[in-house]
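Residue numbers (full-length UniProt numbering): 1 to 80. The beta-carbon is built from N, C-alpha and C at its ideal position, and this holds for glycine as well. For clarity, every value in this text was computed on a predicted model and none was experimentally measured. Heads up, the thing below is written out as structure tokens.
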Amino acid sequence: MSAIPSSHDAVLTRKAVADALTEAGFPIKATTLATMATRGGGPLFRLFGSKPLYRWGDALDWAHGRLSKPIRSTSELEAA
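Below, the structure is given as structure tokens:
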């Protein structure tokens, strides 16, 4: 069974969103998301009581936003 939700509106726990992002090609651990939730820089989330919940579309948009522009060589990164 795929960890990737079929709907961008699906609401996931931190562990589930980490698993889905990893399966989608963006390897990340739930503990990293937890750190980002306290320090900033992670995907948007909401609290249900004290439990963090992530909308799949928000998490996926965040992951895509962390990608570099397409390059043919790492030397292109230094020129940018």
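Assigned secondary structure, Lys-69 (DSSP; H/G/I helix, E/B strand, else coil): DSSP places Lys-69 in coil when its eight states are reduced to three.
Rank Ser-2, Asp-19, Pro-5 and Ala-59 by C-alpha distance to the C-alpha of Leu-44 and give the top, closest one. It is Ala-59.
From which residue to which residue does the beta strand (DSSP E) around Thr-13 run? In the DSSP assignment, Thr-13 falls within the beta strand (DSSP E) that extends over 11-13.
From this set, Ser-68, Ser-73 and Ser-75, which residue's C-alpha is nearest Phe-26's C-alpha? Ranking Ser-68, Ser-73 and Ser-75 by Cα distance to Phe-26 puts Ser-68 first.
Along the beta strand (DSSP E) that carries Leu-53, what are the first and last residues, could you check? Where Leu-53 is concerned, the enclosing beta strand (DSSP E) stretches over 51-55.
Measuring only the C-alpha atoms, how far is Ala-10 from Lys-29? Approximately 19 Å between the Cα atoms of the pair.
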